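Input: a single structure, listed below in structure tokens.
Protein chains: 2
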Amino acid sequence: MQNHSEQNVKLIISYDGADYSGWQIQPGVRTVQGELESALQKIHRKPIILYGAGRTDAGVHAVAQCANFFSTIQTMPPRNFVPALNALLPRDIRVTAAAAVPPQFHARFSATARAYQYRIACGRPLLPHETRYAMSIPFAPSLPLLNSYARLLLGETDCTLFASPSDAIFTRGSGSRFRRIGHAHFFIENGLLVFEIAANAFFRKMVRSIVGTFLHYAQRELPTSAFERILREGKREKAGPTAPPHGLFLWNVFYD
Amino acid sequence: MQNHSEQNVKLIISYDGADYSGWQIQPGVRTVQGELESALQKIHRKPIILYGAGRTDAGVHAVAQCANFFSTIQTMPPRNFVPALNALLPRDIRVTAAAAVPPQFHARFSATARAYQYRIACGRPLLPHETRYAMSIPFAPSLPLLNSYARLLLGETDCTLFASPSDAIFTRGSGSRFRRIGHAHFFIENGLLVFEIAANAFFRKMVRSIVGTFLHYAQRELPTSAFERILREGKREKAGPTAPPHGLFLWNVFYD
Numbered sequence: 001m002q003n004h005s006e007q008n009v010k011l012i013i014s015y016d017g018a019d020y021s022g023w024q025i026q027p028g029v030r031t032v033q034g035e036l037e038s039a040l041q042k043i044h045r046k047p048i049i050l051y052g053a054g055r056t057d058a059g060v061h062a063v064a065q066c067a068n069f070f071s072t073i074q075t076m077p078p079r080n081f082v083p084a085l086n087a088l089l090p091r092d093i094r095v096t097a098a099a100a101v102p103p104q105f106h107a108r109f110s111a112t113a114r115a116y117q118y119r120i121a122c123g124r125p126l127l128p129h130e131t132r133y134a135m136s137i138p139f140a141p142s143l144p145l146l147n148s149y150a151r152l153l154l155g156e157t158d159c160t161l162f163a164s165p166s167d168a169i170f171t172r173g174s175g176s177r178f179r180r181i182g183h184a185h186f187f188i189e190n191g192l193l194v195f196e197i198a199a200n201a202f203f204r205k206m207v208r209s210i211v212g213t214f215l216h217y218a219q220r221e222l223p224t225s226a227f228e229r230i231l232r233e234g235k236r237e238k239a240g241p242t243a244p245p246h247g248l249f250l251w252n253v254f255y256d
Numbered sequence: 257m258q259n260h261s262e263q264n265v266k267l268i269i270s271y272d273g274a275d276y277s278g279w280q281i282q283p284g285v286r287t288v289q290g291e292l293e294s295a296l297q298k299i300h301r302k303p304i305i306l307y308g309a310g311r312t313d314a315g316v317h318a319v320a321q322c323a324n325f326f327s328t329i330q331t332m333p334p335r336n337f338v339p340a341l342n343a344l345l346p347r348d349i350r351v352t353a354a355a356a357v358p359p360q361f362h363a364r365f366s367a368t369a370r371a372y373q374y375r376i377a378c379g380r381p382l383l384p385h386e387t388r389y390a391m392s393i394p395f396a397p398s399l400p401l402l403n404s405y406a407r408l409l410l411g412e413t414d415c416t417l418f419a420s421p422s423d424a425i426f427t428r429g430s431g432s433r434f435r436r437i438g439h440a441h442f443f444i445e446n447g448l449l450v451f452e453i454a455a456n457a458f459f460r461k462m463v464r465s466i467v468g469t470f471l472h473y474a475q476r477e478l479p480t481s482a483f484e485r486i487l488r489e490g491k492r493e494k495a496g497p498t499a500p501p502h503g504l505f506l507w508n509v510f511y512d
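Taken in order, these protein sequences are the chains called A and B.
Under my numbering, the residues of the first sequence are numbered 1 to 256, in order.
Under my numbering, the residues of the second sequence are numbered 257 to 512, in order.
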């Protein structure tokens, strides 16, 4: 709980998720939140809770994850948390910015959108410098076809097809099946096929399910109209295999 | 020495050079050529010499290094060396292609040009997924200014400014000071400043010297005309500090 003597501090965090069991703190395993809270505890000499914008899964990377915490250290300008935390953190987690934010700011609940990127080597194995950061597929799908699938996602879209089977929409019949998708696009960059998507929120493993499903049907050259029917039907068993985590980057988190 | 029972085989090789003491085989240290020759020896049950197109330095990566060797295995189609070698090689070296070539083909002496890329994070520290593959500078140089420097390199260019002090042009006064540079260009890709250069040949550490020198003078906003005088004078002491190896990729090797 914050009080008048506490300062709400927002952090921007980048990490290589390959050697972590995801963002969320869990006993007995190495997590990004765990490493950060451990460093914050060393600085504050007491436990500090860190609120993250997105709970990235094991193996998923972040270019700009966002998180906030309430600091009791009055004497330290918030930007000084950047070098202080980086000195304590392992090299595969870096704090890139820190700033004071209003007390009501919450990294997760104040976020208006998140952007992700997913990287794919097409028709070839991964090169050594790509292995931690991309998936490989043995075929080269049509870029226009993938982008015609991607355009179907734009707007207020029923995303049941890509929802995790453990999601509340299935287990409890609660929660919205819709996500507001503002951007979804494939492009080629640096020899890799890149999928970029931004939405107000995502189901767990949703980006990886979209990528796996798009690739599954693009390999079979399913026409866009037929894919649209599958998307609108929203039968989970029609989704393709979920793409592996190491190709995925949490790219940015947006606030008003 | 090849004879009529030997098949000249060309390999395309990709590697993450971070954990290697460079390409060239040396006793007591881990090198890319050493790992490859060791794998070739296991397949052939005798020592095999591998001829590489470019001797990348310690820490330098390759997307498409080229090399050739003479195989005494008549029964194996050359393309089968790809899975055979990859099964024996560490994960940070991958053979991406193998093909039969004429007996006179030599990966180094037959090459007509090499291309390199160098990656730079400007005005920010490296993100965790970039640390092995880019350098960081604390300022943001002018892209047009860097490209105006780069244009001065095009054509038959006296590259003394960028030659290693241990080069024969200094130590023995022998060898050409000129290199034929066909391409030299800076661009932004995926949040990084990228320098791409192709030439018939390079002095040792020449790309890293070009990058370090360009950044040194671009930071000081030296006008192109003044930089041109420094380039034409070719006084080695006017070069900037050599950029670190891990930002450099041998990108491609060209043959007629």
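Where a beta carbon is used, it is the ideal one built from N, C-alpha and C, also for glycine.
A quick note: this is a predicted structure, and the numbers were derived from the prediction, not measured.
Determine the chain B residues that contact residue i at a beta-carbon separation under 7 Å, and present them in chain order.
| i | result |
| --- | --- |
| VAL63 of chain A | LEU383 |
| GLU189 of chain A | GLU445, ASN446 |
Along chain A, in chain order, which residues have C-beta atoms closer than 8 Å to that of residue i?
| i | result |
| --- | --- |
| ARG347 of chain B | PRO128, THR131 |
Do residue j and residue i come within 8 Å of each other at the CB atom, strictly closer than that value?
| i | j | result |
| --- | --- | --- |
| PHE451 of chain B | LEU399 of chain B | no |
| ASN446 of chain B | ALA369 of chain B | no |
| ALA371 of chain B | ALA499 of chain B | no |
| PRO421 of chain B | ARG492 of chain B | yes |
| GLY503 of chain B | ALA390 of chain B | yes |
| ASP423 of chain B | ARG464 of chain B | no |
| CYS378 of chain B | PHE395 of chain B | yes |
| TRP279 of chain B | VAL288 of chain B | yes |
| ILE281 of chain B | HIS300 of chain B | no |
| ILE425 of chain B | GLY431 of chain B | yes |
| ALA363 of chain B | ALA295 of chain B | no |
| HIS317 of chain B | ASP272 of chain B | yes |
| ALA218 of chain A | PRO141 of chain A | yes |
| LEU402 of chain B | PHE470 of chain B | yes |
| LEU154 of chain A | ALA111 of chain A | no |
| ILE93 of chain A | PRO384 of chain B | yes |
| MET206 of chain A | ALA150 of chain A | no |
| GLN373 of chain B | PHE505 of chain B | yes |
| PHE325 of chain B | LEU341 of chain B | no |
| ILE269 of chain B | ALA343 of chain B | no |
Which residue comes first and which comes last in the beta strand (DSSP E) that contains residue i?
| i | result |
| --- | --- |
| ILE120 of chain A | 111-122 |
| SER14 of chain A | 7-15 |
| LEU126 of chain A | Unbroken run through LEU126 of chain A: none, as it is neither H nor E. |
| LEU250 of chain A | 248-255 |
| ARG492 of chain B | Careful: ARG492 of chain B lies outside any beta strand (DSSP E) and carries neither H nor E. |
| LEU50 of chain A | Counting along the chain, LEU50 of chain A falls outside any beta strand (DSSP E), and DSSP gives it neither H nor E. |
| GLY191 of chain A | First-last for GLY191 of chain A: undefined, no H or E at that position. |
| ARG350 of chain B | 349-356 |
| HIS317 of chain B | 317-327 |
Run down chain A in chain order and give the residues with a C-beta less than 7 Å from the C-beta of residue i.
| i | result |
| --- | --- |
| ASP272 of chain B | PRO128, HIS129 |
Starting from the beta carbon of residue i, find every residue of chain B whose beta carbon is closer than 8 Å, and list them in chain order.
| i | result |
| --- | --- |
| THR96 of chain A | ARG380, PRO381, LEU383 |
Where do the ends of the alpha helix (DSSP H) carrying residue i lie?
| i | result |
| --- | --- |
| VAL463 of chain B | 462-475 |
| LEU344 of chain B | 337-344 |
| PHE426 of chain B | 424-427 |
| GLY290 of chain B | 288-300 |
| GLU386 of chain B | Per DSSP, GLU386 of chain B belongs to no alpha helix (DSSP H) and is neither H nor E. |
| TYR405 of chain B | 399-407 |
| ILE230 of chain A | 224-233 |
Check whether the Cβ of residue i lies closer than 8 Å to any Cβ atom in chain D.
| i | result |
| --- | --- |
| GLU293 of chain B | The question asks about chain D, but that chain is absent: this structure's protein chains are A and B. |
For residue i, which residues of its own chain have a beta-carbon under 8 Å away from its beta-carbon, when the five flanking residues on both sides are left out?
| i | result |
| --- | --- |
| GLN297 of chain B | PRO303, ILE304 |
| ALA100 of chain A | GLN7, ASN8, VAL9, LYS10, PRO78 |
| LEU408 of chain B | THR480, PHE483, GLU484, LEU487 |
| LEU345 of chain B | GLU291, LEU292, ALA295, VAL351 |
| PHE337 of chain B | VAL265, LEU267, ILE299, SER327, VAL351, ALA354 |
| PRO245 of chain A | GLY17, ASP57, ALA58, GLY59, VAL60, ARG208 |
| SER5 of chain A | THR72, GLN74 |
For residue i, which residues in the same chain have their Cβ closer than 6 Å to its Cβ, ignoring the five residues on either side in sequence?
| i | result |
| --- | --- |
| GLU221 of chain A | none |
| ASN252 of chain A | ALA64, ALA115 |
| SER404 of chain B | THR480 |
| LEU417 of chain B | LEU487, GLY490, ALA495 |
| ILE466 of chain B | PHE418 |
| ASP512 of chain B | THR368 |
| ASP158 of chain A | ARG177, PHE178, GLY234 |
Counting only the same chain and skipping the five closest in sequence on each side, list residues whose C-beta sits under 7 Å from that of residue i.
| i | result |
| --- | --- |
| MET257 of chain B | Note on MET257 of chain B: pLDDT 49, under 50, position unreliable in the model; no value is reported. |
| PRO339 of chain B | none |
| ILE120 of chain A | ALA134, MET135, ILE137, LEU192, LEU193, GLY247 |
| GLU412 of chain B | PHE434, ARG436 |
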